[in-house]
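Asker: The sequence shown begins at 1 in the UniProt record's numbering and counts up by one.
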Amino acid sequence: MPADDIRGTTPGTAPVPLSVLDLVTVGAGRTAGDALRTSVDISRLAESRGYHRYWVAEHHSMPGVASSSPAVILAHLAAHTERIRLGSGGVMLPNHAPLVIAEQFGTLEAMAPGRIDLGLGRAPGTDGATAAALRRSDRLNEGADDFPQQLSELTRFLDDDFPDGHPYARIHAVPGPVQATSPGGVQSPHRPPVWLLGSSGFSARLAGMLGLPFAFAHHFSAQNTVPALDLYRETFRPSAVLDAPYALIGVSALATDDEKEARRQVLAAALNMVRLRTGRPGLVPTPEEAEAYEFSAMEREFVDTWNANVIHGTADEVRTGLDELQKRTGADELMLTANAHGGGVRLRSYELIADAYGLPTPA
Numbered sequence: 001m002p003a004d005d006i007r008g009t010t011p012g013t014a015p016v017p018l019s020v021l022d023l024v025t026v027g028a029g030r031t032a033g034d035a036l037r038t039s040v041d042i043s044r045l046a047e048s049r050g051y052h053r054y055w056v057a058e059h060h061s062m063p064g065v066a067s068s069s070p071a072v073i074l075a076h077l078a079a080h081t082e083r084i085r086l087g088s089g090g091v092m093l094p095n096h097a098p099l100v101i102a103e104q105f106g107t108l109e110a111m112a113p114g115r116i117d118l119g120l121g122r123a124p125g126t127d128g129a130t131a132a133a134l135r136r137s138d139r140l141n142e143g144a145d146d147f148p149q150q151l152s153e154l155t156r157f158l159d160d161d162f163p164d165g166h167p168y169a170r171i172h173a174v175p176g177p178v179q180a181t182s183p184g185g186v187q188s189p190h191r192p193p194v195w196l197l198g199s200s201g202f203s204a205r206l207a208g209m210l211g212l213p214f215a216f217a218h219h220f221s222a223q224n225t226v227p228a229l230d231l232y233r234e235t236f237r238p239s240a241v242l243d244a245p246y247a248l249i250g251v252s253a254l255a256t257d258d259e260k261e262a263r264r265q266v267l268a269a270a271l272n273m274v275r276l277r278t279g280r281p282g283l284v285p286t287p288e289e290a291e292a293y294e295f296s297a298m299e300r301e302f303v304d305t306w307n308a309n310v311i312h313g314t315a316d317e318v319r320t321g322l323d324e325l326q327k328r329t330g331a332d333e334l335m336l337t338a339n340a341h342g343g344g345v346r347l348r349s350y351e352l353i354a355d356a357y358g359l360p361t362p363a
């Protein structure tokens, strides 16, 4: 697997490659269809401006997040883009049979050869009751504990290399390598690179031991970012995939044309998180609703803490914040997620950040 499938090139004056993480957020008064059309618009903008990759994240039972089916969304985005890498950030592997994920991402690879990433997480991406419904089991800890075994099984399906005598030796993920060994068969040389995602040390250590690229969820676990990246680098063993560590971090970043508007937008996104964390998930509220909301002292403390980790403001302010974060963490790539009520605000944010770094402009 070429390392170029993982490492990106640094565009403009950015310190490292820049990418996009899309939660397909749905604002109050908008539909999931509206959100998905915004995703297409952002993916095309990202491709035209030199962002390296575009990932969507698996979430469930959250009205304001329409990304429950990453593979379906990625197929849609593949039909509307030509060059940008597309992937999952991530698929929550314990929710799925490894063979199913191998088949889904083999299909995506066939649709967009050499452009697909497979990011994997061990969390459910939802609450415990929803995870139980997804898995048809209430043994949720078992899924997380079995993650290394599930990962190994998925990798063997992707490579079609179960050893002789294994119960799955005669089972093949299709599309996949078995087609190249069939009479008259021709198969793409590409295989989606596997990334491990995490918000603590478990996946950081596992990614390092396996020599895989690692993505850390700084956008909701900022206090663990540096320790996890240090652990990843300390435990890294060179592999056929990578000869040196490669880590990206997810970053909440929102640029607007003026600082006041940025504060309004991130307040609305923070109110959405307050509701989610207190068992009241809903659509992303408007800035007007957030400004009129009477936050309790505990909620206000949460909002202040949450927004302290959101890099927001004018394009120059966001660029400065991203530069400082990259320098502090040593991240090899920054994956930006813009959470706001309106799709136009999110689209404008990625455009402003591209301008601030002098990213290529469309011909």
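Here a beta-carbon is modelled for each residue, glycine too, at the ideal position from N, C-alpha and C.
Could you name each continuous alpha helix (DSSP H) segment of 4 residues or more that falls completely within the stretch 254–331, going from the start of the chain to the end?
Answerer: 259–277, 287–292, 297–307, 315–329
Asker: Applying the 10 Å Cβ sphere with the 16-neighbour rule, what's the burial state of residue 117?
Answerer: Around the beta carbon of residue 117, 16 or more other beta carbons lie within 10 angstroms, which makes this residue buried.
Asker: Here's the rule: buried if 16 or more other CB atoms are within 10 angstroms of the residue's CB, otherwise exposed. What is residue 239?
Answerer: Label assigned to residue 239: exposed.
Asker: Under three-state DSSP, which class holds residue 240?
Answerer: coil
Asker: Rounded to a whole number of angstroms, what is the C-alpha to C-alpha distance between residue 1 and residue 243?
Answerer: With a pLDDT of only 49 at residue 1, under the threshold of 50, the placement of this residue in the model should not be trusted; the figure read from the coordinates follows. Going from the Cα of residue 1 to the Cα of residue 243 covers about 12 Å.
Asker: Taking the alpha helix (DSSP H) that residue 235 falls in, what are its first and last residues?
Answerer: 225–235
Asker: Quick check on DSSP: helix, strand or coil for residue 203?
Answerer: helix
Asker: I'd like to check one pair, residue 92 with residue 49: are the Cβ atoms closer than 9 Å?
Answerer: no
Asker: Can you list, in chain order, the residues of its chain with a C-beta nearer than 6 Å to that of residue 106? Leave out the 5 residues immediately preceding and following it.
Answerer: 173, 175, 176
Asker: Please identify the residue among 6, 326, 26 whose C-alpha is closest to the C-alpha of residue 14.
Answerer: The shortest C-alpha separation from residue 14 is found at 326.
Asker: Return the first residue and the last residue of the beta strand (DSSP E) that residue 92 is part of.
Answerer: 85–92
Asker: Measure the beta-carbon distance from residue 28 to residue 278 and round it to whole angstroms, keeping in mind my assumption that it falls under 8 Å.
Answerer: The Cβ separation is near 18 Å, so there is no contact.
Asker: Which residue comes first and which comes last in the beta strand (DSSP E) that contains residue 197?
Answerer: 194–198
Asker: Roughly how many angstroms lie between the CA atoms of residue 355 and residue 129, to the nearest whole one?
Answerer: 44 Å
Asker: Using 8 Å as the cut-off, can you tell me whether the stretch 243–263 makes contact with the stretch 210–224, which would need three or more C-beta pairs spanning the two stretches below that distance?
Answerer: yes
Asker: Who are the Cβ neighbours of residue 17 in its own chain at under 6 Å, not counting the five residues just before and after it?
Answerer: 8, 10, 52, 333
Asker: Pairing CB atoms from the stretch 221–239 with CB atoms from the stretch 192–200, are three or more of them under 8 Å?
Answerer: yes
Asker: Taking residue 335 as part of the alpha helix (DSSP H), name the residues at either end of that continuous run.
Answerer: Element bounds for residue 335: not the alpha helix (DSSP H) but the beta strand (DSSP E), 333–337.
Asker: Could you compute how far the alpha carbon of residue 47 sits from the alpha carbon of residue 361?
Answerer: 10 Å
Asker: I'd like to confirm the pairing. Which residues does DSSP put opposite residue 18 in its beta bridges?
Answerer: 334
Asker: Assuming residue 77 is part of the alpha helix (DSSP H), what are its boundary residues?
Answerer: First-last of the alpha helix (DSSP H) with residue 77: 70–78.
Asker: Between which residues of its own chain and residue 84 is the CB-CB distance below 8 Å, once the five residues before and five after are set aside?
Answerer: 43, 46, 47, 51, 52, 53, 54, 115
Asker: Quick one: is residue 262 buried, meaning 16 or more other Cβ sit within 10 Å of its Cβ, or exposed?
Answerer: Counting every other CB atom within 10 Å of its CB across the protein chains shown gives residue 262 a total of 16 or more, marking it as buried.
Asker: Do residue 99 and residue 171 have their CB atoms nearer than 9 Å?
Answerer: The answer is yes: Cβ separation under 9 Å.
Asker: One question on the structure: do residue 190 and residue 265 come within less than 9 Å of each other, judged by their Cβ atoms?
Answerer: no
Asker: Apart from the five residues just before and just after residue 62, which ones in its own chain have a Cβ nearer than 6 Å to its Cβ?
Answerer: 281
Asker: Terminal residues of the continuous beta strand (DSSP E) containing residue 174?
Answerer: Judged by DSSP secondary structure, residue 174 falls outside any beta strand (DSSP E); it is assigned neither H nor E.
Asker: For residue 181, does the count of other Cβ atoms within 10 angstroms reach 16, so buried, or fall short, so exposed?
Answerer: exposed
Asker: Per DSSP, what kind of secondary structure is residue 1 in: helix, strand or coil?
Answerer: Note on residue 1: pLDDT 49, under 50, position unreliable in the model; no value is reported.
Asker: Okay, do the stretch 268–275 and the stretch 331–347 touch, 3+ Cβ pairs below 8 Å being the bar?
Answerer: Touching, yes.
Asker: Give the DSSP-derived three-state secondary structure of residue 250 in the structure shown.
Answerer: strand
Asker: For residue 226, I'd like the list of residues in its chain whose CB is within less than 7 Å of its CB, leaving aside the five on either flank, ordered along the chain.
Answerer: 329
Asker: Going by DSSP in three states, residue 128 sits in which element: helix, strand or coil?
Answerer: helix
Asker: Using alpha carbons as the reference points, say which of 207, 97, 256 lies closest to residue 246.
Answerer: 207
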